[in-house]
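Undergrad: My questions all concern the structure below.
Number of protein chains: 2
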Amino acid sequence: MSEATRDKMKEAAARLFYTQGYHGTSVRHIAEQANVNIALVSYYFGGKKGLFEQLMTQFLEGYLEAMHIDDETRMKSTREQLLSVIRSLLSYQQNHYHLARMVHREMTMDSVLVRELMSTYLRKEKHDFEQLLRRGMKEGSFNKQPIDFVLIQLRGMITLPYYSPQYLRELYQLSTTEPYFINRYVEHLTSWIDSCLCGIEPTRTNRVMLKIN
Amino acid sequence: MSEATRDKMKEAAARLFYTQGYHGTSVRHIAEQANVNIALVSYYFGGKKGLFEQLMTQFLEGYLEAMHIDDETRMKSTREQLLSVIRSLLSYQQNHYHLARMVHREMTMDSVLVRELMSTYLRKEKHDFEQLLRRGMKEGSFNKQPIDFVLIQLRGMITLPYYSPQYLRELYQLSTTEPYFINRYVEHLTSWIDSCLCGIEPTRTNRVMLKIN
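Quick note, the sequences are listed as chains E and B, same order.
Per the UniProt record's numbering, residue 1 is the first one in the first sequence, and the count goes up by one each step.
Per the UniProt record's numbering, residue 1 is the first one in the second sequence, and the count goes up by one each step.
As structure tokens, then:
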């Protein structure tokens, strides 16, 4: 029962933090939505802050797991591996829609918690992407170029749809929770990788595919 | 005197919202920092929310003004015009560092205010960039491609350094408030435009320049 109760509280909290913001959410509200006694929030998480931090950490741990390249993909080209990681991270964020926005939003704050999470999880994310890009540059699949801005741009493009989904909805009628979204977005990122990283022109086939969607 | 007082309050509020967040900032605190009577905040802005909304609007109005292409630049190529707008928007955000982060952060919220600001200011921003890109595609300077994701990516890249400056500082030792930052970043964006939009390989000169910085 304890695991299920914990999950219920986490789910309720993620939904409330997402809609009401951290400051607009009370422990009482979380307990009500999860249908548990208010004392349990303190008991399991040490209060609202503890619950919030646990949600952040859990999301980022899952995010790093989603970056893992399996043995089958590892046999493919570096370009394919990069695309596979990108697709996996987009799916992960889509599956954790509420948490994703909450975490990305919180990461723009300048707090002790954020600095800690950056220097662990986001440093690991940076490291993994850097390895992949350097390998691609070394073997000649990617053009040599200053790697820092490519990494920053890459992370920006992967997180963009999930930190500000309503921008895409309001101005572009794109729903980032729909399955088609990831397919279209990955196609755009593929042509970005091909032209900016690999230095090749998008093929005619790609262009036609892009038009159809 | 009234104009100077108003400005003092706005400056104090922008700084406090930036460091403490909206919820962590009180009207009393703003009045203290601006060295004015607390009643003046209500008098001039109708309270904290009114002051906050005025700061948001003011930032976005200046942002759109920074997109204006002057007559001299209008004589240049579409690529040059796009680069000039990008540089201008980066400088504007750098000059309004506190406000920029506050606004970009707030724009990730799903509120009535945000929807209003999106459907006016951000719709105008999208429109202006779209005009520029369509002209470039029509005259053949830019490759034809689905325009929505290019626009989204472009906005993402322009705002990224100023919505999460501490990410660039912590993990890349890049200070987005330094003058050199914009030069380096514009060089990166130039090579993005050349390879992704114009479909040309970065020249050797560009590469050498990128290395030096």
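Beta carbons are placed, not taken as given, at the ideal position from N, Cα and C, and that holds for glycine.
Note that this is a predicted model, so its numbers are computed, not measured.
My parser needs the alpha helix (DSSP H) runs of 4 or more residues fully inside the stretch 74-126 of chain E; what are they?
TA: Runs found: 78-95, 97-106, 112-117.
Undergrad: Are any of the Cβ atoms in chain B nearer than 8 Å to that of residue 110/E?
TA: Output row for residue 110/E: interface = yes.
Undergrad: Skipping 5 residues on each side, what residues in its chain have a beta carbon closer than 7 Å to that of residue 86/B?
TA: Same-chain partners within the cutoff: 158, 186, 189.
Undergrad: Should residue 176/E be labelled buried (16 or more other beta-carbon atoms within 10 Å of its own) or exposed?
TA: Residue 176/E comes out buried.
Undergrad: With 16 as the cutoff for other CB atoms within 10 Å, does residue 112/E come out buried or exposed?
TA: It counts as exposed.
Undergrad: Alpha carbon to alpha carbon, what distance is there between residue 98/B and residue 203/B?
TA: For residue 203/B, the pLDDT reaches just 48, beneath the cut-off of 50, and the residue's location in the model is therefore unreliable, although a value from the coordinates is still provided. Between residue 203/B and residue 98/B, the C-alpha separation is close to 36 Å.
Undergrad: Is residue 182/E close to chain B, meaning its C-beta is less than 8 Å from at least one C-beta of that chain?
TA: It does not: the Cβ of residue 182/E has no partner Cβ on chain B nearer than 8 Å.
Undergrad: Pick from 51/B, 74/B, 95/B: whose alpha carbon is nearest that of residue 135/B?
TA: Measuring from the Cα of residue 135/B, the nearest candidate turns out to be 74/B.
Undergrad: Identify, in the order they occur along the chain, each residue of the same chain with its Cβ nearer than 8 Å to the Cβ of residue 151/E, setting aside the five sequence neighbours on each side.
TA: Taken in chain order, the residues that qualify are 126, 129, 130, 133.
Undergrad: Would you report the Cα separation of residue 27/B and residue 49/B, rounded to the nearest angstrom?
TA: Each residue's alpha carbon lies about 10 Å from the other.
Undergrad: In three-state terms, what does DSSP make of residue 5/B?
TA: Of the three classes helix, strand and coil, the one that applies to residue 5/B here is helix, per DSSP.
Undergrad: Kindly give me the distance between the Cβ atoms of residue 149/B and residue 96/B, rounded to whole angstroms, as I take these residues to be in contact under 8 Å.
TA: The pair is not a contact, with the Cβ atoms about 28 Å apart (cut-off 8 Å).
Undergrad: For the ligand COA, is there a heavy atom less than 7 Å away from the beta-carbon of residue 132/B?
TA: Absent from the structure shown: the ligand COA. Ligands present: none.
Undergrad: Out of curiosity, what's the CA-to-CA distance linking residue 146/E and residue 193/B?
TA: C-alpha separation (whole angstroms): 16 Å.
Undergrad: Counting Cβ pairs, one atom from each stretch, are 3 or more of them under 8 Å apart for the stretch 102-119 of chain E and the stretch 165-172 of chain E?
TA: No, they do not touch.
Undergrad: Would residue 155/E pass as a contact of residue 108/B if the rule is Cβ separation under 8 Å?
TA: Their beta carbons are not under 8 Å apart, which means residue 155/E does not touch residue 108/B by this criterion.
Undergrad: Output yes if chain E places a C-beta closer than 8 Å to the C-beta of residue 153/B; else output no.
TA: For residue 153/B, the answer is yes, since a Cβ of chain E falls inside 8 Å of its Cβ.
Undergrad: Should residue 107/B be flagged as near chain E, meaning a C-beta pair shorter than 8 Å?
TA: Output row for residue 107/B: interface = yes.
Undergrad: Would a check of beta-carbon distances place residue 214/E closer than 8 Å to chain B?
TA: Only positions 1 to 213 of chain E appear in this structure, which leaves residue 214/E out of reach.
Undergrad: Which same chain residues, not among the five before or five after residue 100/B, have their C-beta less than 6 Å away from its C-beta?
TA: These residues qualify, in order along the chain: 93, 162.
Undergrad: Taking 6 Å as the limit between beta carbons, can you name the residues of its chain near residue 8/E, skipping five residues before and five after?
TA: Hits under 6 Å: 34.
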